[in-house]
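Novice:
In our numbering, the protein residues as written are 1 to 184.
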């Protein structure tokens, strides 16, 4: 018989914070993909320009992903996580409000940079706050499930948000990030 994992209330809260942010990262990527036709129509952008909205996020994310985890180890996981989450929320707000395609692309790049810090820092927070073995494995399973679910859910949420306005695919992240930051 396998014994259940028993976590403290603080561990559950910590796990919910990092899981929600990882889901938000995935949600953001897939929501914007759904919104691209609406963005293109409103801002008069062609396919080449629309691709930059997607690529900018990936470039930002990929360029600092390795540094994100290391910087969190050096400067403090909580500090880096909260700074990155705040930057992500601010870029989301700006991205939802702008009419300039260049600024929109820049906000996507900044969001990718921020996610390059939240994802590895969240992973590091789990590995340092959950005991090695069954406890940590379960926490990592939940963490990665939330990340994958964010990508999948983003397609549905993106469709709903885009039916209101493509801007909501950016703005919906802001209140979620604010609430999660208050939990941290």
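For glycine and all other residues, C-beta sits at the position ideal for the given N, C-alpha and C. Being a predicted model, the structure only gives us computed values, none of them experimental.
Measuring CA to CA, which of 129, 51 and 56 is closest to residue 9?
Specialist: Here residue 9 is taken as the residue at index 9 of the chain shown, counted from 1. Of 129, 51 and 56, the residue nearest in Cα terms is 129.
Novice: Of the choices 118, 173, 182 and 6, whose alpha-carbon is the least far from that of residue 90?
Specialist: Sequence index remark: in the chain shown, residue 90 carries index 90 (1-based). Out of 118, 173, 182 and 6, 173 has the C-alpha closest to the C-alpha of residue 90.
Novice: Going by C-alpha to C-alpha distance, which of 60, 12 and 117 sits closest to residue 83?
Specialist: Working through the chain shown from its first residue, we reach residue 83 at position 83. If we check each option's Cα against that of residue 83, 117 comes out closest.
Novice: Can you look up residue 160 in the DSSP assignment and give me helix, strand or coil?
Specialist: As a first step, residue 160 is located in the chain shown; it is residue number 160 there, counting from the start. Helix.
Novice: Three or more C-beta pairs under 8 Å: does that hold for the stretch 146-155 against the stretch 98-106?
Specialist: no
Novice: Report buried or exposed for residue 48, applying the criterion of at least 16 other Cβ atoms within 10 angstroms of its Cβ.
Specialist: If you number the chain shown from 1, residue 48 lands on position 48. Exposed, because fewer than 16 other Cβ atoms sit within 10 Å of the Cβ of residue 48.
Novice: When the Cα atoms are used, what is the spatial distance from residue 41 to residue 165?
Specialist: Here the question's residue 41 lines up with position 41 in the chain shown. Here the question's residue 165 lines up with position 165 in the chain shown. So the alpha carbons of these two residues sit roughly 11 Å apart.
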